[in-house]
Structures are given as C-alpha cells and as structure tokens.
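**Q** Take a look at this one; I'll ask things after.
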Amino acid sequence: MAKSSQHQIVPVRKSYCGVKSTSSAVRIYRNVDELPEAWNTILPLKHFLRTNTLLLAEKAALPDITHLYVGYFDGEKLIAVAYFQQLAVCRYHLNDENLPFITKTAWRTICGVLCPRLLVAGHLFHHEISTFHSRTKGAYESYTIYAAMMDACVQYSRAKALLIKDLPQNLVTHFQNLKPDFIRMPNDISMEMKVDPEWTSIKDYEKALKHKYAQRYRKVRSQMNGVSVSEMSLEEVIKHQDPIFKLYNQVANNQQVRLGYLSAAYLPMLKKSFEKAFRIWGFFKDGELIAFYSAWQYNGTLDMYYIGFDYESNKQHNLYFNMLFFGVETAIESRCKLLIMGRTALEAKARLGCEPKYLSTFLCISNSWIRRWFNSMSPRQEGEEWENRHPFLDKKGVVEAV
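Quick note: the sequence shown uses my numbering, first residue 1195, plus one each step.
Given below as structure tokens:
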C-alpha cells in the first residue's frame, strides 16, 4: 500500500465543531494500493473496510462505478476511514418507458446534457456492513468527521447528489437535525423474519400458517414439479458464470430503478473469497439453470442477496415465490435466528411472515434543476396493503383477527 500515492488532500473547514485541530484534513484515494499503512491498523479484524475486502469490488470492475477511499487525518494521525462509490448516472439506470412524456423527456435530458454523478456514502450492492469507522467514541464527533469527509468527496467528485445509504443508527439524529438539505428517504424498509426456534423443518413453518396462507404455500411449492434445487460449489458457480449473469440481468432489467449493475465476475469473486459465508443455490430443469438465489450466512442470520430467474420459466414454476419459500427453508435448516429478505416486494414478503425494519437512508441533491425534477416525480411506491398481512396462527393455534 501507499506505493505511489496521488491522493487528493482537502483541508477541513473550521466551522465543524468537532474539529479540534487546524491541521485536520481529508485525504481521498482512488485505488487500494494507494492507501496508507495505518489504514488497516485502526480497523477491527474482518471489518468491511479492510483492504483485502475493498480490493474485491475494485477487481470486479463494476460498471459505471468509481471507488473512493477516504481518510480523516489530524496532522499525520489517521482518525477515521470511509468508503464511497461514485455512480456515473446513465439513462438505463431508470426504466423510463412507462413514465409520462414530460418526466421521460426531463430524465433523458438530465442524463444526456448534465451527465450527473451520484456520490454514495455506502455500498450500492451490499447492506448490513459498515462503510465508516472512527476512532472517536462520541456520536457527535463522529458525525462531524463523517460530514467533513462527505463534503470533501462532493467537492472532489463534483457530484450532483449525495446518497447516504444505511447510515449508522447513532448518527441518524445528527444528520436529521443538523443537515436540513438532506431528505430522509420514505419507506426505506428491509423485510425480516425471526425464525421460530421450535421450527426444525419447513413442515413446522407450514403448520404455523393460517389456513389460506398454508393453502397458498402448498400451491406454490407444487409448481416446482420437474425443478431441482442444489447448492452450488465454487467450481459450479464459475462454470455457470454466464447463465447466472444472464438470469441476474433478466431481473435487474425489469426493475423500475437500478442504481448500478453487477459485473459478470462479481458473484463468482465473492464465492471465491467467502466460500462458506457466501452461498449460491441453483434451480435446474432438464440440466439447465433457470434460476439462482444467493445469501450471506453470518452470526445466526441468513441474509438473502441477489437472485435471478428466467421469466418464461417463472410463469410455469412460480420461481420467485418458490425462492422466497426456499429461503425460509434454508434459514430453518441452517438453524438461523433471523432471515433478511431485503427492500423489494414488501407485500410478497409480508405474506411469508416478514416484518419491516425501518432503515435510514438520506439524499441531498445540489443541482436545483435535478432537485425540482426529483421532487415533482409522482412516487411510485407500493401501497400499505402489506401492513395488513398476518400469516401466522398464534402460539396456541388460534387464528388471529386479520
């Protein structure tokens, strides 16, 4: 590390109340091999920000993504480190075909003329990780340091907007009260299920469901006739790299908003680096891979990650819902206490028995024209019907009121 560093140094403004020294500065690096020797020494073991983990995303060559590694220094002493992603926003990051004409035209003009950059304080393709670490113990001082790092990165990258993804809970109040330009994103929800410790198989989960939900479960599972599911080894993941990537793209291209795309090498690289913690299952029909789903397993948690499936096969085999049920089954068999199913398809996951975990994501748009366009867009969010889904019997087997 730090062989031929060409990093950017940004002095910290004195207006930050948490800054105790006039020699404080933010240093921004574009490559892992530029990082100072002290980078790893201030981090706990196995922390996401350690250089061996950061190098993975660099090697995966994620499309339209630039990586920024940021250090906060008091003189020459490294106090805090953070990871940012810069996304070169392109037209294909939003499915604009069904948008109103004026909205569609505005979006295409923004992408074509302004070529906006989105700065992300966090990781677009991962959650439940920490992308900021400070030696300081106080939340307010950590806030001032992180805010200074963000301001320096916005200045350096000339980004039109800053997205703070999955902000640490102890910093949320400070950003809400002290950063009025930041909008807290509404309905930023992760769906999660606490796995009943009494469940030893998927049959126990089925017995815990109310009648209509159990009927639906059996109907969905019956549609898997002719489809086999097996966990894939590293060798199998590498062998099926191309079909996995094609199935992922089928799902990604059907999303309304897709802030960035994976590269073909990304999932195989994760499997190679985290062979036990990162798991991938394949759904096969007549020897052909028609779907896959991936998950992280750690500390008694199964955290569902990226999926992919063939949409034509989904019509016959209900692959998406079967993958959700298979996630429940895997969590039970792995003796996990918590199943994380993520931010999408809230109602579908509520029907399985998931409950919401409210997350903290903030957005600040500096360009006034883009900000007006963003605010004028009609929100296209799911209704609140999912909140009325209560699929489980109570512990005595009595049906709760719906």
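We put the beta carbon where it would ideally sit given N, CA and C, even for glycine.
Report all residues from its chain with a CB closer than 6 Å to the CB of residue 1361; omit the five preceding and five following residues, and keep chain order.
**A** Closer than 6 Å at Cβ, skipping near neighbours: 1554.
**Q** Could you round the C-beta distance between residue 1457 and residue 1257 to whole angstroms and report it? I think they count as a contact, below 8 Å.
**A** Right, their Cβ atoms sit about 6 Å apart.
**Q** Counting only the same chain and skipping the five closest in sequence on each side, list residues whose C-beta sits under 7 Å from that of residue 1466.
**A** The residues are 1428.
**Q** For residue 1585, count neighbouring C-beta atoms within 10 Å of its own C-beta (all shown protein chains included) and say buried if the count is 16 or more, exposed if not.
**A** That one is buried.
**Q** Is the number of C-beta pairs between the stretch 1535–1545 and the stretch 1357–1372 that are closer than 8 Å three or more?
**A** Touching, no.
**Q** Can you give, in chain order, each stretch of the beta strand (DSSP E) that sits fully within the stretch 1349–1426 and has at least 3 residues?
**A** Complete beta strand (DSSP E) runs here, min 3: 1355–1358, 1383–1388, 1422–1425.
**Q** With a 10 Å radius around its C-beta and 16 neighbouring C-beta atoms as the bar for buried, classify residue 1488 as buried or exposed.
**A** Buried: at least 16 other Cβ atoms inside 10 Å.
**Q** So, helix, strand or coil for residue 1280, using DSSP?
**A** If DSSP states are grouped into helix, strand and coil, residue 1280 belongs with the strands.
**Q** Going along the chain, which residues of its own chain have a beta-carbon closer than 6 Å to the beta-carbon of residue 1265, five neighbours each way excluded?
**A** The residues are 1221, 1272, 1275.
**Q** Nearest to residue 1254 by alpha carbon, out of 1468, 1566, 1463?
**A** When each option's Cα is compared against that of residue 1254, the closest is 1463.
**Q** DSSP three-state call for residue 1545: helix, strand or coil?
**A** The answer is helix: DSSP assigns residue 1545 an H, G or I state.
**Q** Using the C-alpha atoms, what's the distance from residue 1522 back to residue 1432?
**A** Between residue 1432 and residue 1522, the C-alpha separation is close to 26 Å.
**Q** Find the nearest neighbour of residue 1250 within the set 1405, 1479, 1461, judged by alpha-carbon distance.
**A** Answer by Cα proximity: 1461.
**Q** Assuming residue 1496 contacts residue 1524 under a Cβ cut-off of 8 Å, what Cβ separation, rounded to an integer in Å, is found between them?
**A** Indeed they touch by this definition, with Cβ atoms about 6 Å apart.
**Q** If you count every other CB in all the chains shown that lies within 10 Å of the CB of residue 1322, and 16 or more means buried, which is it?
**A** Exposed: under 16 other Cβ atoms inside 10 Å.
**Q** Reducing DSSP to helix, strand and coil, say where residue 1265 ends up.
**A** Strand, per DSSP.
**Q** My output table needs one value for residue 1536: the three-state DSSP class, helix, strand or coil.
**A** Strand, per DSSP.
**Q** Would you please state the rounded distance, in angstroms, between the beta carbons of residue 1606 and residue 1519? I believe it to be under 8 Å.
**A** Outside the shown range of the chain, which is 1195 to 1596, sits residue 1606, and nothing can be said about it.
**Q** Taking contact to mean at least 3 C-beta pairs separated by less than 8 Å, is the stretch 1312–1319 in contact with the stretch 1327–1336?
**A** Flag = no, the stretch 1312–1319 and the stretch 1327–1336 do not touch.
**Q** Consult DSSP for residue 1218 and reduce its assignment to one of helix, strand or coil.
**A** In the structure shown, residue 1218 sits in a strand (DSSP, three-state: E or B).
**Q** What residue does the alpha helix (DSSP H) around residue 1436 start on, and which one ends it?
**A** Where residue 1436 is concerned, the enclosing alpha helix (DSSP H) stretches over 1435–1446.
**Q** Just confirm the distance between the C-beta atoms of residue 1311 and residue 1285, as a whole number of angstroms; I'd bet it's less than 8 Å.
**A** Actually they do not touch by this definition, with Cβ atoms about 14 Å apart.
**Q** DSSP state of residue 1236, grouped into three classes?
**A** Residue 1236 falls in the coil class under three-state DSSP.
**Q** When burial is assigned at 16 or more other CB atoms within 10 Å of the CB, is residue 1294 buried or exposed?
**A** So residue 1294 counts as exposed.
**Q** Could you have a look at residue 1202 and say whether DSSP puts it in helix, strand or coil?
**A** Strand, per DSSP.
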